[in-house]
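Counting in our numbering, the sequence shown runs from 16 upward without gaps.
Even for Gly, the Cβ is constructed at its ideal location relative to N, Cα and C.
The structure presented is a predicted model; accordingly, all values stated were derived computationally and were not measured.
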Amino acid sequence: MFIGRQYELDLLNEKYTSNEAEFYAIYGRRRVGKTELLMHFCEDKPSIYFYCDETTDAEQLSDFSQIVMSFDNDEVRYAATFTSWAEAFRAVGDLCGTKKLVLVLDEFPYMVKNNRSILSVLQKVWDLELRHRNIFIIVSGSTMSFMEKDLLSERNPLFGRIGGSYKLEPLPSLDAMQFFPEYSDEDKIIAYSILGGTPYYLERFKTDKTINQNIEEIILKKGAPLYDIVRTVLREELREPSTYNRIIEVIAQGNTDFNDISTASKIESRKLSVYISTLIELGIVIKDYSFDIPDADKTNESAGKYYLADNFFRFWYRYAFHNKKLLEERKTSKVMDIIKKSAGGIHSYASKAFETVCIDYINEMDRRGKLPFGVLEVGRYWGKIKENVNGKPRTSQVEIDLVANGEDKNQYILGECKFKNERLGEDELKGLQAKCPFRGEIYYYLFSLGGFTNGIMEVAERDHHVVLVTAHEVVNCTQDNPV
């Protein structure tokens, strides 16, 4: 079942329906769903889909030849392999008809790994022939350094021919949770908090089993589908996995300030900056800023906080990394006991992801025009406020889970997100109001897993600036007729 990616499909279809030849690049981390997206896009179109492999150049050309030659009727049109890549690409051009032909070269870096001249050959055939044909060429790749720093750079022969590129990110939370239709709203959020938005991870969970059963059998059990996934990702993408592993571990331990990460990891600032930039590019780490920080200040390394953006990495380093010895000894049940007995349990862990889900909800409601005003920006806030306590001025450090502002910057939404099986009441509203650092028209959104007390519901009925949102409403907000 193909889920989400409507924006990406619309983008590709826009290219497909243009009146000229198109050349496009799609890239992103492994397992993020590039192949599924491109195969789904090609389903109703004349297409040649070639998955490049880590093989010799001669074998690659032979495999490509067979697919091209069998395009018309699934039978090889010629007995022999094309004599060259130039001949093969020209043959693709000869197959173009009244309907635009899609040529997908999936994992393109593998094609050119053993023959860099393919780049120049494709550039020449494109310039002389293909750009005059009814064709849409898509190259994709998981090797981020090649796709971003080589293929799309000015020194590459295809520079100026590729008419655009798109970095495919993990699915947003509201789409990711659709992988678990049989789960309760609560378990959908927990599953997302564990797996994030990577389709390969999401597809591994079995919805006929509980969350705990899936954690044990799909993640923690030695030899399980996701047991070695973190180590594999680091080895595939990075030259110094042990150094990056240390940085990720330090961030997972709660060190979010740059200087704290440098101290805890024992990596000096200049080098750490480079390492963290790489982790951000890979989507493993995110640098978050307080909602009100000016753009000019964001260049300062100490201005923001660093978090693990990948929920699966966050889960692995929170519960499995330090218990790897037990897992290697196949004492999975002991690690499960550690998870269950940890402070706040899995709900405490999932609370951070619930904030992200609520932010995604606000963005979705904004797209649908269902908020009190059009939203310009959504984020989190942390900072100091001045207040009076028993008649004495005091400065307090506060954090707000969700803040959004209107286009005139005089309207705000402040959100409190509680992922607990307890009813949220007037005390939480008063606490949120007390933390407000902004002036203007303020709307207070309270998000709750456990529902709301009668008292706060009466307040919301009287005051349209108080909005109550259940977890069920959040999870199902993209459905036309939510159950």
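>> Helix, strand or coil for Ser357? Go by DSSP, reduced to three states.
In response: coil
> If you drop the 5 nearest sequence neighbours on each side, which residues of the same chain put their C-beta closer than 7 Å to that of Thr32?
Replying inline: none
> Does the beta-carbon of Gly446 have 16 or more other beta-carbons within 10 angstroms, so that it is buried, or is it exposed?
Replying inline: exposed
> Whose C-beta lies closer than 7 Å to the C-beta of Tyr198 among residues of the same chain, with five residues either side of it excluded?
Replying inline: Only Ala206, Thr222 meet the Cβ criterion.
> Starting from Gln21 and walking both ways along the beta strand (DSSP E), at which residues does that stretch end?
Replying inline: No beta strand (DSSP E) holds Gln21; the alpha helix (DSSP H) holding it covers 21-31.
> Hey, Arg329 and Ala267 are a contact pair by Cβ (cut 8 Å); roughly how many whole angstroms apart?
Replying inline: 7 Å
> To which residues of the same chain is Ser363 closer than 8 Å at the C-beta, ignoring the five residues directly before and after it?
Replying inline: Hits under 8 Å: Ser357.
>> Using 8 Å as the threshold, is the C-beta distance between Ser292 and Glu283 below it?
In response: no
>> Between the region 422-431 and the region 447-460, can you find at least three pairs of beta-carbon atoms closer than 8 Å?
In response: The region 447-460 vs the region 422-431: in contact.
> Can a CB atom of chain C be found closer than 8 Å to the CB of Gly421?
Replying inline: Among the protein chains of the structure shown there is no chain C, as only one such chain exists.
>> Closer than 8 Å is the cut-off here; do at least three beta carbon pairs connect the region 139-159 with the region 108-120?
In response: At 8 Å Cβ cutoff, the stretches touch.
> Going by Cα to Cα distance, which pick from His480, Arg395, Ser80 is closest to Lys302?
Replying inline: Nearest C-alpha to Lys302: Arg395.
> Should Leu391 be labelled buried (16 or more other beta-carbon atoms within 10 Å of its own) or exposed?
Replying inline: exposed
> Given that a residue counts as buried once 16 or more other Cβ atoms are within 10 Å of its Cβ, and exposed if not, what is Pro497?
Replying inline: Note that Pro497 has pLDDT 46, beneath the 50 cutoff, so the model's placement of it is unreliable and the number below is only indicative. Its Cβ having fewer than 16 others within 10 Å, Pro497 is exposed.
> Which ranges would you report for the beta strand (DSSP E) in the region 125-204 if only whole runs of at least 3 residues count?
Replying inline: 150-156, 180-182
>> Would Asp121 and Tyr66 be called neighbours here (beta carbons separated by less than 8 Å)?
In response: yes
>> Let me check understanding here. Comparing Cα to Cα, which of Phe194, Leu189, Phe161, Arg176 lies closest to Lys182?
In response: Phe161
> In the region 258-316, which residue ranges form an unbroken beta strand (DSSP E) of at least 3 residues, counting only runs that do not cross its ends?
Replying inline: With a minimum length of 3 residues, the continuous beta strand (DSSP E) runs that stay inside the region 258-316 are 300-303.
> How should Gln494 be labelled, buried or exposed, when 16 other C-beta atoms within 10 angstroms of its C-beta is the threshold for buried?
Replying inline: exposed
>> Please report the distance separating the alpha-carbon of Leu287 from that of Phe97.
In response: 49 Å
> Which ranges does the beta strand (DSSP E) cover as unbroken runs of at least 3 residues, wholly within the region 401-449, from first to last along the chain?
Replying inline: Listed in chain order, they are 407-421, 426-433.
>> My output table needs one value for Val498: the three-state DSSP class, helix, strand or coil.
In response: Confidence is the limiting factor: at Val498 the pLDDT is only 44, short of 50, which leaves the residue's position unreliable, though a coordinate-based value still follows. Val498: coil per DSSP, three-state reduction.
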